[in-house]
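Using this note's numbering, the letters of the sequence shown map in sequence onto residues 12 to 262. Quick reminder that beta carbons are idealized off the backbone N, C-alpha and C, glycines included. Small disclaimer: the values here were computed from a predicted structure and weren't measured. To keep things clear, I will list the structure first and then write my remarks on it.
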Amino acid sequence: MITIKNDRELVSMRQACKITAAARALAGEMVRPGVTTKQIDRAVHDFIVAQGAKPSFLNYCGYPASVCISVNDTVVHGIPGDYVLKEGDIVSVDVGAYYMGFHGDCAATYPCGAISTEAQNLIDVTKQSFFEGLRFAARGHRVSDISHAIQTYVESNGYSVVRSLVGHGVGAQLHEEPNVPNYGAPGRGPRLLPGMTLAIEPMVNEGVYDVRVHRDGWTTVTADGKLSAHYENTVLITDGEPEILTVTEGL
Ligand code: MF3
Ligand code: CO
């Protein structure tokens, strides 16, 4: 079942999403050479708790941290640890916050110091692919219209879209129906209706789309060792333009 959030629920959901977006911004500001991924996790954890919210990912299916920090060829679900960020790394941070009964979920990839033009292009295309998909996040379109727009844009730029992980509905649960793949033919899947809230999250690889998962059960890396980037926002379907909920304005 796809949940439709009413106006009262959306007041809470907006707050959860603002806290989540501020947490992402904090993580992004901390990305610089010499910082460990564990330091970022700790700071973001403490920020979320100080807002009166809970880190959505902490202990979710046994996930051991508050943030996923995925460096270079790590696609998603990188576990923060003693790794020291170095100049030239690209660093994906993915964070969720639970507040007043609702989750926000968002991610972005940040450059660590000066990075290659190739790496910057991957980051830019990944972010823009979200906005290409967003154009179809409107009443009357179907879920896979978003998927198709993302895939078309990514592949026209010479990159590939990860298949084995998808976006999702988000709300009282971190993962709700429907799945929102970043690939596929248009015109499939549920019709979009006002009040639906979706986490649209393209994961884009420089090389092949195949990934593998480390023995820790989480760390997901590209099969060919090339770079990967991620960009995600929680989005509300409305009567008109879609509303990105994971924004920091008005927190
Ligand atoms: N944004 C990711 C997702 O929606 C993060 C989940 S990580 C987990 O799937 F640890 F919570 F599983
Ligand atoms: Co998500």
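GLU243 beta carbon near the ligand MF3 (any heavy atom closer than 7 Å): yes
With a threshold of 7 Å, establish whether the CB of GLU187 neighbours any heavy atom of the ligand CO. no
The ligand CO and GLU260: does any heavy atom of the ligand fall closer than 7 Å to the residue's C-beta? no
With hydrogens ignored, establish whether the beta-carbon of ALA27 is closer than 7 Å to any heavy atom of the ligand CO. no
Measure from the C-beta of ILE134 to each C-beta in chain B and report whether the shortest distance is under 8 Å. Judged by its chain identifiers, the structure shown contains no chain B, having just a single protein chain.
Let me check understanding here. Comparing Cα to Cα, which of THR249, GLU254, LEU262 and GLU260 lies closest to GLY206? THR249
Is PHE68 near the ligand MF3 - that is, is its Cβ less than 7 Å away from at least one heavy atom of it? yes
Give me the residue from GLU98, ASN244 and MET41 with the minimum Cα distance to SER127. GLU98
Range covered by the beta strand (DSSP E) that runs through THR48: Premise fails: THR48 lies in the alpha helix (DSSP H), 48-61, not in any beta strand (DSSP E).
For ARG199, does the count of other Cβ atoms within 10 angstroms reach 16, so buried, or fall short, so exposed? exposed
Figure out for me which residue from VAL154, ALA33, CYS72 and GLY144 has the closest Cα to the Cα of GLY261. ALA33
The stretch 217-226 in contact with the stretch 141-156 per 3-pair CB rule at 8 Å: no
Counting Cβ pairs, one atom from each stretch, are 3 or more of them under 8 Å apart for the stretch 155-168 and the stretch 102-114? no
Residue nearest to ALA76 in terms of C-alpha spacing, selected from CYS123, VAL86, ASP57 and ALA125: ASP57
Can you look up PHE141 in the DSSP assignment and give me helix, strand or coil? helix
Ranges of the alpha helix (DSSP H) found wholly within the stretch 99-164, counting only runs of at least 4: 128-145
I need the boundaries of the beta strand (DSSP E) containing ILE90, first residue and last residue. ILE90 -> no beta strand (DSSP E), and no H or E assigned at all.
Would you mind giving the Cβ-Cβ distance between ALA234 and PHE113, rounded to the nearest angstrom? I have them listed as a contact below 8 Å. Between PHE113 and ALA234 the Cβ distance is about 35 Å, and since that is not below 8 Å, they are no contact.
For the ligand MF3, is there a heavy atom less than 7 Å away from the beta-carbon of GLU212? yes
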